[in-house]
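Working notes, beginning with the structure itself.
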Amino acid sequence: MLTRVLLRQARRLLIVLLLGGLLGATLVRLGSGFGVDERELDPRLSPDTRAAIHAEHATENNIVIFYAHYLAGLARGDLGFSRSLNRPISKLLAERLPVSLESLAYGVLGGVALGLGLALLTVWWRVPGADLAPAVLSGLCLAVPAAVLALVFLWIGASGRWAIALIVFPHVYRYSKNVLAAMRQSPHVPAAEARGLSPARVFWAHVFTPAAPQLAAIAGLAVSLAFGASIPIEVICDTPGVGQLAWRAALDRDLPLLVIITMLIALMTLVANSLADLALAAWAPASDAF
Amino acid sequence: MNRTQKAALIVLAMVALAALAAGLLAPSYSQQFRDSISAPPSSRFPLGTDDLGRDRLARLLYGTRVSVLLAPAAALLSTLLAGLIGGTAGYLGGRWERIVTAAIDLFLSLPWLFLLLAIRALLPLNTSPVASVTITFLLLGCLGWASPARIIRAGTRSLANSDFLLQARAAGTPSARLIWRHLLPNLRPMLAAQFWLSIPVFILSEANLGLLGLGISEPLPSWGALLRELENYSAVLQNPWMLAPAVLLVAVVSCLQLLLRTEDRTPC
Chain A
1 MLTRVLLRQA RRLLIVLLLG GLLGATLVRL GSGFGVDERE LDPRLSPDTR
51 AAIHAEHATE NNIVIFYAHY LAGLARGDLG FSRSLNRPIS KLLAERLPVS
101 LESLAYGVLG GVALGLGLAL LTVWWRVPGA DLAPAVLSGL CLAVPAAVLA
151 LVFLWIGASG RWAIALIVFP HVYRYSKNVL AAMRQSPHVP AAEARGLSPA
201 RVFWAHVFTP AAPQLAAIAG LAVSLAFGAS IPIEVICDTP GVGQLAWRAA
251 LDRDLPLLVI ITMLIALMTL VANSLADLAL AAWAPASDAF
Chain B
1001 MNRTQKAALI VLAMVALAAL AAGLLAPSYS QQFRDSISAP PSSRFPLGTD
1051 DLGRDRLARL LYGTRVSVLL APAAALLSTL LAGLIGGTAG YLGGRWERIV
1101 TAAIDLFLSL PWLFLLLAIR ALLPLNTSPV ASVTITFLLL GCLGWASPAR
1151 IIRAGTRSLA NSDFLLQARA AGTPSARLIW RHLLPNLRPM LAAQFWLSIP
1201 VFILSEANLG LLGLGISEPL PSWGALLREL ENYSAVLQNP WMLAPAVLLV
1251 AVVSCLQLLL RTEDRTPC
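Each protein sequence line maps, in turn, to chains A and B.
Note that our numbering gives residue 247 to position 247 of the first sequence, counting from 1, and the numbers run on in steps of one.
Note that our numbering gives residue 1178 to position 178 of the second sequence, counting from 1, and the numbers run on in steps of one.
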């Protein structure tokens, strides 16, 4: 079963990457300024030299050849060159990716810990109105744009990574609470309670453990949400990460850079989703046995 | 509908009415009162004026009109696209369904804001205000189809395999009639749910784009554009009424979420 899931995920990853690459290449190809070489504007150059420079880009005008060159370059690890920052894209990513990944790790872990923790508390503590405060907090976090949340964190002098946690938290909380509450209402739970098991044991063995595979599915979504939130948060909090780089690329219309960043983020999100699916597949036999 | 939801509906109705009546309640959003630059709230300007002498209340009302009325238009576009793409894939099945599923996977694996930035960067950045409104909301509508399409595809697939559709098909009902009389009426609640769920997402996306300087161009106001003023922290501290757009945005999105509140069981 695990091998089948692994193969399915690998195939999905490949298809999506191939399609994403083609989509990215199309965007770069259609972007303004494509195929224009600044050297052609040099008044000292003769018409022959200009024609030679123009001919260097001739192959790029054929869209099929351009796709092939673009994808071959990507496969070799040649990510291209940023026109706006005048640097190789691979170097820019090497500098900024660790910064973003650190923020995202804190944000995702913080958001999942807060969301799951509050969901566990709410479902465990069966008092009417126990979920009021977490529900209001999660509703508020869902209603505030990430950029405004980043501004609030900037004003209070806190790190933007915790703003990412507050973006992830409400989604994790709502989903986890619903999954855990549904599991709590399963007929096997009152049966376990009737057998005299302690509430903690009932909750751990009969509510949380069987719900764990479903809860793991939220990991992929959390990563995707965190990446999305990283753009406004890094821009507002002036964090030198990939989100800020994407924003600069958008303002400067540096499509090669923007497309590579988008594809990289898509790849990471897909890998996170695939890992969640694999964890689910690995866990499923154990929970079935249970 | 419980009491909280009724209250939310009343708040939304009042905001929509105020936005529609912006022309009656406040003067032009772009008129500059040079004698009242950065003025505090007064009877003439209930929310004061900005650093160009423009009435903040007028800008808020016109901005609300842009954000609150165009987000449903974008939601309608994305729902129609989702219905067309997802519905066709679910109904036809086979290779078309596999292609559409791969396309949906591709779109959903790209974080929303990254995708918006990539496509927005492809389009002209220095445009007229009206063109920027059109671009922003068309972009939201055209890129927001994937998540609803996945749900509509699954719903259509399930309906296409249902007994009543099989009977109708066996009775020789033509495909067009099958879709029009049997499939679409049953899909309508799902399409309506996706439409309403998209509205807060698009309002928040426009706000984020606006704050990043990639939304609607000045002098046309929108919530995203109005929120850019909040970057000046010291000014916000001295003039807390500058927070009015943020408060209104949070109130409207909260009310929409209260109205749409359902027990979500799937991460999407």
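Even for Gly, the Cβ is constructed at its ideal location relative to N, Cα and C.
Fair warning: this is a prediction, and the values are worked out from it, not measured in the lab.
- Residue-level contact by beta carbon holds for A/W247 and chain B, with a gap shorter than 7 Å.
- Using a Cβ-Cβ cut-off of 7 Å, B/L1212 counts as an interface residue toward chain A, since at least one Cβ of chain A sits closer than that to its own.
- Counting every other CB atom within 10 Å of its CB across the protein chains shown gives A/P187 a total below 16, marking it as exposed.
- Apart from sequence neighbours up to five positions away, the residues of its chain that approach B/P1200 with a beta-carbon distance below 7 Å are V1253, L1256 and Q1257, ordered along the chain.
- Annotation for B/V1068: the continuous alpha helix (DSSP H) segment containing it runs R1056 to L1092.
- Annotation note: the region 69-156 of chain A contains the following uninterrupted alpha helix (DSSP H) runs of length 4 or greater, listed N- to C-terminal: 89-124, 132-143 and 146-155.
- Within chain B, the C-beta atoms nearer than 7 Å to that of A/V259 come from A1118, in chain order.
- By the C-beta density criterion, B/C1142 is exposed, having fewer than 16 other C-beta atoms within 10 angstroms.
- The Cβ-Cβ distance between B/G1053 and B/P1040 does not fall below 7 Å.
- The three-state reading of DSSP puts B/Q1032 in strand, counting E and B together.
- When rounded, the separation of the alpha-carbon atoms in B/S1234 and B/R1228 is 14 Å.
- In its own chain, leaving out the 5 sequence neighbours on each side, no residue places its CB closer than 7 Å to the CB of A/P199.
- When C-alpha distances from B/P1185 are compared across B/G1087, B/L1081, B/Y1029 and B/Q1031, the shortest belongs to B/G1087.
- When secondary structure is reduced to three states using DSSP, B/T1134 falls in the helix class.
- Contact of A/T269 with chain B by beta-carbon distance below 7 Å involves S1109 and P1111.
- Annotation: the continuous alpha helix (DSSP H) that includes B/Q1167 extends over D1163 to A1170.
- Taking 7 Å as the cut-off between beta carbons, the residues of the region 223-241 of chain A near chain B are S224, F227, G228, I231, P232 and V235, in sequence order.
- Per the DSSP secondary-structure output, B/T1049 pairs in a beta bridge with B/D1055.
- The DSSP-derived three-state label of B/W1145 is coil.
- Shown here is that no member of the region 1128-1143 of chain B has a Cβ falling below 9 Å from a Cβ of chain A.
- Taken through DSSP and simplified to helix, strand or coil, B/L1212 comes out as coil.
- By the rule that beta-carbons nearer than 7 Å mark a contact, B/F1202 does not touch chain A.
- DSSP places B/N1239 in the coil class of the three-state scheme, outside both helix and strand.
- Cβ-Cβ distances below 6 Å link B/T1156 to G1087, G1090 and Y1091 in the same chain, with the five nearest sequence neighbours on each side left out; the list follows chain order.
- The C-beta of A/T262 comes closer than 7 Å to at least one C-beta of chain B.
- Judged by their CB atoms, A/L180 and A/A119 are nearer to each other than the 7 Å cut-off.
- Boundaries of the alpha helix (DSSP H) harbouring A/Q214: T209 to A216, taken from the DSSP string.
- Using a CB distance below 9 Å, the part of the region 1211-1244 of chain B facing chain A consists of L1211, L1212, G1213, L1214, W1223, G1224, L1227, L1230, E1231, Y1233, V1236 and L1237, ordered along the chain.
- A/I167 places its beta carbon less than 7 Å from that of A/A146.
- Proximity to B/E1218 across B/F1164, B/L1108 and B/R1059 peaks at B/R1059, based on C-alpha coordinates.
- Under the three-state reduction of DSSP output, A/Q9 falls in the helix class.
- Sorting B/T1064, B/E1206, B/I1216 and B/L1017 by C-alpha distance to the C-alpha of B/S1128 places B/I1216 at the top.
- Taking 7 Å as the CB threshold, B/V1011 stays off the interface with chain A.
- A contact is defined here as three or more CB-CB pairs under 8 Å, and the region 126-139 of chain A fails this definition with respect to the region 188-195 of chain A.
- Taking 7 Å as the CB threshold, B/D1105 lines the interface with chain A.
- Residues of chain B with a Cβ closer than 7 Å to the Cβ of A/W155 are, in chain order, Y1233.
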